[in-house]
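Remarks on the structure that follows.
Number of protein chains: 2
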Amino acid sequence: MLDQPTDVAACASAPLAGGLDVDAATALAQTLKALADPARLRLLSLVAGSSTGEACVCDLTGPLGLSQPTVSHHCKVLVDAGFLTREKRGVWAYYAVIPGALHTLADVLGSAAVPADGRAASTARA
Amino acid sequence: MLDQPTDVAACASAPLAGGLDVDAATALAQTLKALADPARLRLLSLVAGSSTGEACVCDLTGPLGLSQPTVSHHCKVLVDAGFLTREKRGVWAYYAVIPGALHTLADVLGSAAVPADGRAASTARA
DNA sequence: CCGAGGCATCGACAGGCGTCAATCTCCCAG
DNA sequence: CTGGGAGATTGACGCCTGTCGATGCCTCGG
Chain C
312 MLDQPTDVAA
322 CASAPLAGGL
332 DVDAATALAQ
342 TLKALADPAR
352 LRLLSLVAGS
362 STGEACVCDL
372 TGPLGLSQPT
382 VSHHCKVLVD
392 AGFLTREKRG
402 VWAYYAVIPG
412 ALHTLADVLG
422 SAAVPADGRA
432 ASTARA
Chain Y
312 MLDQPTDVAA
322 CASAPLAGGL
332 DVDAATALAQ
342 TLKALADPAR
352 LRLLSLVAGS
362 STGEACVCDL
372 TGPLGLSQPT
382 VSHHCKVLVD
392 AGFLTREKRG
402 VWAYYAVIPG
412 ALHTLADVLG
422 SAAVPADGRA
432 ASTARA
């Protein structure tokens with residue numbers, strides 16, 4: 312299978328123009344970047360696994376082994392990325408996972424995972 | 312480094328011990344971090360959308376607008392994360408997406424995203 | 001009204017990561 | 001055997017980010 316001597320221009324001829332455009336890739340990367348952190352993954356898991364489905368910052372600092380400002384920062388990132396909701400009740404701020412947020416992301420990744428043969432991915436709108 | 316929880320027992324009684332453990336979270340975060348980059352997302356998309364399902368580095372530098380070392384670096388990251396395969400044929404190195412890699416990741420995220428009603432993913436499924 | 005406590009914000013620091021220029025290695029063509 | 005080209009590696013630089021201590025805000029209890 313090494314018979315493309317004349318077609319050596321394969322490297323330069325294929326336009327390869329498909330795929331996500333720059334801003335779509337940037338947006339998806341930012342969403343993924345919000346999850347690409349052990350502390351935030353564990354934080355999400357703790358909140359999701361809570362008996363009431365929500366947790367305040369002081370509940371998370373212990374299990375996570377992080378300081379209160381750091382936990383607050385991670386919560387803000389996850390809220391900003393659309394994975395958590397923040398509800399201030401009295402002195403405490405309760406965070407809860409947004410149902411379907413992770414599933415939506417999983418669906419985007421799964422739909423992009425069908426290369427099949429006819430360039431299925433392309434612009435897989437979010 | 313690892314501090315010992317002094318058991319402040321602040322506001323809630325729930326110990327919140329569930330969730331992913333540290334190493335699982337770290338591993339998943341590392342996989343996600345490999346995808347959390349616009350250049351790598353577009354690279355994957357370009358390779359997956361290629362007519363032959365594979366592409367060499369010199370095919371990617373143009374569409375990505377990145378230098379050859381940078382593209383090679385991103386390819387290495389994706390190969391290391393289990394999203395791409397590398398096959399050296401002659402002078403060129405052809406990269407192809409591993410079928411099911413993205414789907415597996417999507418499945419992990421999706422399964423963790425089903426809190427159903429109470430606690431869901433991870434441990435303690437009663 | 002005043003003290004206490006939870007949380008967000010600020011400033012600072014260290015580490016990681018993306019990027020490129022320069023260089024090296026390897027393989028093929030002649 | 002020699003030249004050329006593709007790709008990987010190295011070193012350096014700058015930006016981004018995770019982390020913490022200190023501090024301010026805001027709400028509740030007394």
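Going down the list, the protein sequences come from chains C and Y.
Sequential numbering of the first sequence, starting at 312, is according to my numbering.
Sequential numbering of the second sequence, starting at 312, is according to my numbering.
Built from N, CA and C at the ideal position, the CB exists for glycine as well.
Inclusion of C:L395 and C:V419 in the CB contact set at 8 Å is not warranted, their separation being larger than that value.
In the structure shown, the three-state DSSP call for Y:A350 is helix. Here C:P374 is actually not in contact with Y:A340; their C-beta atoms are around 17 Å apart, not less than 8 Å. DSSP, read as helix, strand or coil, puts Y:T372 in helix. Looking at C:G393, C:L331, C:L354 and C:Q379, the one whose alpha-carbon comes closest to that of C:H414 is C:G393. Beta-carbon to beta-carbon, Y:L389 and Y:L354 are separated by about 7 Å, close enough to satisfy the 8 Å threshold. Going by DSSP, Y:T396 is part of the beta strand (DSSP E) stretching over L395 to R400.
Listed by position along chain Y, the residues whose Cβ is nearer than 7 Å to that of C:L389 form an empty set, because the closest Cβ is around 13 Å away. Using a CB distance below 9 Å, the part of the region 350-367 of chain C facing chain Y consists of A350, R351, L352, R353, L354, L355, S356, L357, V358, A359, G360, S361, S362, T363, G364, A366 and C367, ordered along the chain. C:V408 is classed as buried because its beta carbon has at least 16 other beta carbons within 10 Å across all chains shown. Residues of chain Y whose Cβ lies closer than 7 Å to the Cβ of C:G330 are, in chain order, R353, S356, L357 and G360.
Against chain C, the CB of Y:A340 has a partner CB under 8 Å away; the residue lies at that interface.
For Y:H385, the CB contacts under 7 Å within the same chain, skipping 5 residues up- and downstream, are A350, R351 and L354 in chain order. Remark: C-beta atoms of Y:V368 and Y:A412 do not approach each other more closely than 8 Å. Proximity to Y:T363 across Y:G421, Y:A417 and Y:Y406 peaks at Y:Y406, based on C-alpha coordinates.
Under the DSSP assignment, Y:G421 falls in the alpha helix (DSSP H) whose first and last residues are A412 to A423.
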